[in-house]
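Protein chains in written order, with the numbering used here: chain A, 29 to 672; chain B, 4 to 493. Worksheet for the structure shown next.
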Amino acid sequence: MFLQKQLSPEAPPYRRLRGYAFDPSLSTQLETAVVNKIVFRVRWESLLALPGDSDPQGKGPVGEYLEVVDIDPASGCLYPPVDLNEAHWLAQDGLTPSEGEPRFHQQMVYAVAMTTIEHFERALGRPVLWAEREKTRGDAGGEEQERFVQRLRIYPHALREANAYYSPQKVALLFGYFPAAPNNTGGHFPGGMVFSCLSHDIVAHETTHALLDSMHRRYIEPNHPDVRAFHEAFADIVALFQHFSFPEVLRHQISRTRGDLRAPSLLGELAVQFGRAMGGYGALRNAIGQIDRETGQWTPIKPDPQAYETEMKPHERGALLVAAVFDAFLAIYERRTSDLLRIATGGSGVLPEGSLHPDLVKRLAAEASKAAGHILAMCIRALDYCPPIEITFGEYLRALVTADADLVRDDDLGYRIAFIEAFRRRGLYPRDVRTVSEDTLHWPLANELPEDAQIAVNALGDWLRGLMPEFRYCQNRRELFEVIRAKRMQLHEMIRHNWEHVPSLESLTGLVFAPRTKLSGLRLDRDKVPRFQVSALAAIERVGPDGDVVNQVLLSLIQTRDLKTSDGLPMKFRGGCTLLIDLDTQRVRYSITKPIRGDSAERRLARQREFLSGADDPSLAGAYFGSGANAGEPFALLHRSHGD
Amino acid sequence: MPAAKKAKVRIRCYRQGFGDCFLLSFDTGKKRPCQVLIDCGLWPSGAAHTKTMRAIVDDVAKQTGGTDTKRGEIDVLVATHEHWDHLSGFNQARDIFEKKLHVRNVWLAWTEDLKDPLSKTLRQEQEKKKKAAKHVRDKLKKLSGSPGFSAAGQSALKQLDSLLGFFGATDSQGGVEGAMAFIREGWSGPNRSFHNPGALLDLPGVDGVRVYVLGPPRDRDLLRRESSSKEGALYELFFGLTLEDSLLAALGALDHEVARFRNPDEIGKPFDASHRYPVDLESAKNPAAALPPDLADFFNRHYSDEPWRRIDTDWLHAGGALALRMDKGINNTSLVLAFELPDGRVLLFPGDAQLGSWESWHDPKNVWPNRKSGGEQIKARDLLNRTVFYKVGHHGSHNATAQDLGLELMNDPDLTAFVPISHEMALANDWDRIPLTGLVRQLRQHTQGRVWFALEYDKDGKDFTNPQSAALKKLVKEDKPGNLWLEFAL
């Protein structure tokens, strides 16, 4: 991407920074201490204030994407920012992992967050832009605020509680620290401080929230039980699969479990120290099994197809999705390694007692790492094929299948089948397909359009083709942001003027464009034209492993109706549509839509009203603060009550 | 409907709004009935509220036989739990209670017994939470004008204010604690008793009425549980002592007890003094005054120059969650009573018990002997089956009426429900889900429409109104024109 190309050819490919693979508690246990300290290889950026910079990088670390500001308001102090360019640190992979050294904490959050960002950029093939700054009320008259947010702000010691969250309002991650619960047996001493910013899983999880929010702003609106659950699950998935990108850890755990990733291992656990420090028995969450509270025994989680109908709490519901993805991964891993096991065992495939040969461990680890990398990339790429509002698990499965099939036509390793099977076993499939198979799950190709509609789309396609160089040759992320923003506005004008008399485009998108449309609560502009928003515009240029090329433009439209809930409270009912336009053929390839009117919209509206009536929120907070709970910080309460 | 028969009990439900006060008059066969007063409170507080409560207590005195020269007699006073909307009257009308009323027996939950060791521990934990919540509230209030104060801060402050209101924090008579102390110690000579689940009590002077004690559970886990979830116990632990300590330490309000063993300046701070460079976020002029120039420059550039991203008060938002936990803990200490009339019909008064308590009633250990010797033992399930009057828990919020273990079991065809609520008062505090529309719908189904509200509400598509049909209106006597109470005769 353009950022690396600007570096001088002598610049190193990455900066080596030490950190915890999991969290500090595992360093106090002999068995895991050896692998817990790892070196993150973070894509190089200078972190230097270069002459002429108006917005210099530097200590903090403050880089291209991140800005670590270590202020601790509860303690009334600032911890000095680390300078990773100091010779000492450059020469020895950064600071030594230490709980008592705030500068190491800064290094750790930087390393983990950058790693996560890199995974996203690699999968998406385009630079990450943070969610834009929200318009604040009351400053309509003044100069227009800058909307671009150059860096995600990270506060490693913002809170004095067992909590960490992403704040969409501040475009910041806030991490908490807290004294451990006095009665437990985890790898930390009772009453000792536990830092959420030192947990790889928590940092990766929160960073992912920010990344997901930057792509799909409307996914923070809880209008379907799946939406919040999806945010949580997706963040967990990214954190989990990053475990597999640490070779030392992977080899160690594969050797310990003798290659059986279904056995209990650190790889499938999330936030071990945090879970124990809160007085629990094990990790905060676990993808494959859990410790039974009564017996203290580890038991694998059995897929329960009913759970999707009954489990409504975001984390618990999200756990279903995490388990499904992890299960798909295990199936793929087993398929990729069955030949290795047969070779190693003279054809029987049954491993003898005792340790595995180190070479076999290495090969198994390589396969696990490769499969995990593929899965992570698939999960991230699928985001481009999701509707812009109200995501459900079933739709995500369809996005996964479609995104992958577009890029890798020949599914010889059965990745898509593995996903479909794992989702089906948990009841996570769309309710509107007749059978659950690859061809029915694949988003339907858009129908051939009537002539008037195709003319409008052609005009759009021409314009989009002309746009590509502008996207491609931006000098930096700020410029890219501004270009996209300007083009979104132009696009809005084009659609507003050219689509209003083309009914087939209304049925294609599920939205309404004709002036004076009668639809209760629909927002109209001054000229009585229905309002809509262009919420996303991005180029998707990817080359698959077999040389298949994807050359598409993604654009998302959102429309809103102001209605009332069954309790008489104001609610926003949205319709939305993600259009994927193939630039080579200038045809609409997919229209992934949530209609704003019609039968399906009415059904969705009825369901949404039921959901919003609160019967699903069993907490006391729900009783008192119902719809108004935690204005402005959607993730704070969510993570607080579950101790994320 | 058994119409002509003489009523066994009259239930006077006072209509103050968001709060409980019930006077039950049981037929003794003699001239004077047995009078039971359950709770006497109204949330929030204010001059108008005081006036209402005083009128109610005056009415109680009159009903119980009080005159200008004689005190009214309450046979049993029940105070379910320590919340303002159940106890405020004992402060607001204390002089009336003292001068015009005499109380013979006081029934309280075991959680109010100062000598009970578990109750003592719970009380201490609550105290610490309450203290932390109050300090957090004060601090938030102080900071509410500062640049980093966000909508989330406002919302946390509002939550704290309203929840602390349940303790009557602004009251000159010591809030709920003062009220409970008065109930424990006021008047001369009443018998005071503390009750455990599983107990069976007699009503003084009444033959054949049995009172079953269903809650509060003697189980810390259940006491803390607000909903039927698994997560309760796990979460609560870190909110035990230590988190409050570290919050209090940051607010400079730590207990001497805790501070005695450690340096109070260090408690709760995550790093050594050598790493700490003080900034004074509350200073409007120059918070970075004490920083060396390079750090001051960093601070200004990356923190204070962008007020919209500041986090000055975000750590205090935990206070709202803290107050909620505290509130939940108290709700579950409600004394839950089921009054069984001689003919087997049951009146259920669950206080504000939440789901954890409801679940505990069905503990296999909770069984009571049958009236007939040799008859099958009585379980909570039987009592719910025979319930004909249900005082809806916690003003109709959804987590204070269990489904499968509660409402679904109340299938007596004569079931009547009363919701001690004014939705308007709830709305004033943004509690737009009290009562919950869905629950009201279910109640109406189970009672065939026999649901009454303390104060009615009929706006924005919400229908919290009392039955209008002549047949149903007959069931209730209204106070006209004072509108002070509704009375059911069963």
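Even for Gly, the Cβ is constructed at its ideal location relative to N, Cα and C.
Range of the contiguous beta strand (DSSP E) that encloses residue i
{"i": "Asp461(B)", "result": "460 to 462"}
{"i": "Phe21(B)", "result": "Here Phe21(B) belongs to no beta strand (DSSP E), and DSSP marks it neither H nor E."}
{"i": "Pro207(A)", "result": "200 to 207"}
{"i": "Thr419(B)", "result": "419 to 425"}
Contacts that residue i makes with chain D (C-beta to C-beta distance below 9 Å)
{"i": "Met517(A)", "result": "Absent here is chain D; the protein component of the structure consists of chains A and B."}
Span of the alpha helix (DSSP H) around residue i
{"i": "Thr404(B)", "result": "Segment: none, Thr404(B) is in no alpha helix (DSSP H) and carries neither H nor E."}
{"i": "Thr440(B)", "result": "440 to 450"}
{"i": "Pro497(A)", "result": "479 to 500"}
{"i": "Gly596(A)", "result": "Segment: none, Gly596(A) is in no alpha helix (DSSP H) and carries neither H nor E."}
{"i": "Gly332(B)", "result": "321 to 334"}
{"i": "Met243(A)", "result": "228 to 243"}
{"i": "Leu435(A)", "result": "421 to 435"}
Residue i, buried or exposed, once every other Cβ within 10 Å from all chains shown has been counted against 16
{"i": "Gln580(A)", "result": "buried"}
{"i": "Glu630(A)", "result": "exposed"}
{"i": "Pro729(A)", "result": "With chain A covering only 29 through 672, there is no way to say anything about residue 729(A)."}
{"i": "Leu203(B)", "result": "exposed"}
{"i": "Ala61(A)", "result": "exposed"}
{"i": "Asp448(A)", "result": "It should be noted that the sequence gives Ile, not Asp, for residue 448(A). Ile448(A) should be labelled buried."}
{"i": "Glu379(B)", "result": "exposed"}
{"i": "Gln334(A)", "result": "exposed"}
{"i": "Ser376(B)", "result": "exposed"}
{"i": "Asp76(A)", "result": "Note on identity: in this sequence residue 76(A) is Leu, with Asp being the wrong assignment. Counting Cβ neighbours within 10 Å, Leu76(A) comes out exposed, since fewer than 16 surround it."}
{"i": "Ser619(A)", "result": "buried"}
{"i": "Asp330(B)", "result": "buried"}
{"i": "Val63(A)", "result": "buried"}
{"i": "Tyr501(A)", "result": "exposed"}
Proximal chain A residues relative to residue i, where beta-carbon distance stays under 8 Å
{"i": "Val282(B)", "result": "Ile99, Gly104, Cys105, Leu106"}
{"i": "Trp318(B)", "result": "Pro101, Ala102, Ala186, Leu187, Arg188, Glu189, Gly204"}
{"i": "Gly464(B)", "result": "Lys592, Ser594, Asp595, Gly596"}
{"i": "Trp311(B)", "result": "Arg161, Thr164, Gln197, Lys198"}
{"i": "Leu294(B)", "result": "Leu106"}
6 Å Cβ shell around residue i - same chain, five flanking residues per side excluded
{"i": "Gly215(A)", "result": "With a pLDDT of only 48 at Gly215(A), under the threshold of 50, the placement of this residue in the model should not be trusted, and no figure is reported."}
{"i": "Glu339(A)", "result": "Arg345"}
{"i": "His3(B)", "result": "No answer is possible for residue 3(B): it lies beyond the span of chain B, which begins at 4 and ends at 493."}
{"i": "Val177(A)", "result": "Trp158, Arg161, Val199"}
Partner residues on chain B for residue i, Cβ-Cβ distance less than 8 Å
{"i": "Val90(A)", "result": "His305"}
{"i": "Met221(A)", "result": "Pro273"}
Per-residue contacts from residue i into chain B (C-beta, under 7 Å)
{"i": "Pro130(A)", "result": "Phe274, His278"}
{"i": "Glu95(A)", "result": "His305"}
{"i": "Tyr361(A)", "result": "What Tyr361(A) touches in chain B: nothing, since even the nearest Cβ is about 30 Å away."}
{"i": "Arg181(A)", "result": "Arg312"}
{"i": "Lys87(A)", "result": "Phe301"}
Chain A contact residues for residue i, given Cβ-Cβ distances below 7 Å
{"i": "Thr440(B)", "result": "Ser594, Asp595, Ser641"}
{"i": "Ala457(B)", "result": "Under the 7 Å cutoff, chain A gives no residues; its nearest Cβ is about 18 Å from Ala457(B)."}
{"i": "Asp141(B)", "result": "Under the 7 Å cutoff, chain A gives no residues; its nearest Cβ is about 15 Å from Asp141(B)."}
{"i": "Asp315(B)", "result": "Pro101"}
Contacts around residue i, its chain only, beta-carbon distance under 8 Å, and the 5 residues preceding and following it disregarded
{"i": "Ser532(A)", "result": "Leu477, Pro478, Asp480, Ala481"}
{"i": "Glu174(A)", "result": "Arg161"}
Within chain B, the residues that residue i reaches when beta carbons sit closer than 9 Å
{"i": "Leu109(A)", "result": "Reading off the sequence shown, one finds Pro at residue 109(A), where the question assumed Leu. The contacting residues are Leu298, Phe301, His305."}
9 Å Cβ cut-off: residues of chain A touching residue i
{"i": "Leu250(B)", "result": "Ala102, Arg188, Glu189"}
Close-in-space but distant-in-sequence residues of the same chain around residue i (CB under 7 Å, 5 per side omitted)
{"i": "Leu94(A)", "result": "Tyr138, Ala141, Met142, Arg179, Leu180, Ile182"}
{"i": "Lys65(A)", "result": "Arg46, Tyr48, Ser55, Pro125"}
{"i": "Ala58(B)", "result": "Leu487"}
Which runs of the beta strand (DSSP E) spanning at least 3 residues fall entirely within the segment 323 to 408 of chain A, listed in chain order?
326 to 328
Let me know the beta strand (DSSP E) ranges lying completely inside the segment 27 to 97 of chain B, each 3 residues or longer, listed in chain order.
37 to 43, 75 to 81
In chain order, each alpha helix (DSSP H) run of at least 4 residues that lies wholly inside the segment 138 to 184 of chain B:
154 to 167
Contiguous beta strand (DSSP E) assignments of at least 3 residues, all confined to the segment 282 to 311 of chain B
none
Hey, which unbroken runs of the alpha helix (DSSP H) at 4 residues or more fall wholly within the segment 140 to 168 of chain A?
none
Taking the runs of the beta strand (DSSP E) that are 3 residues or longer, which of them lie wholly in the segment 568 to 607 of chain A?
577 to 592
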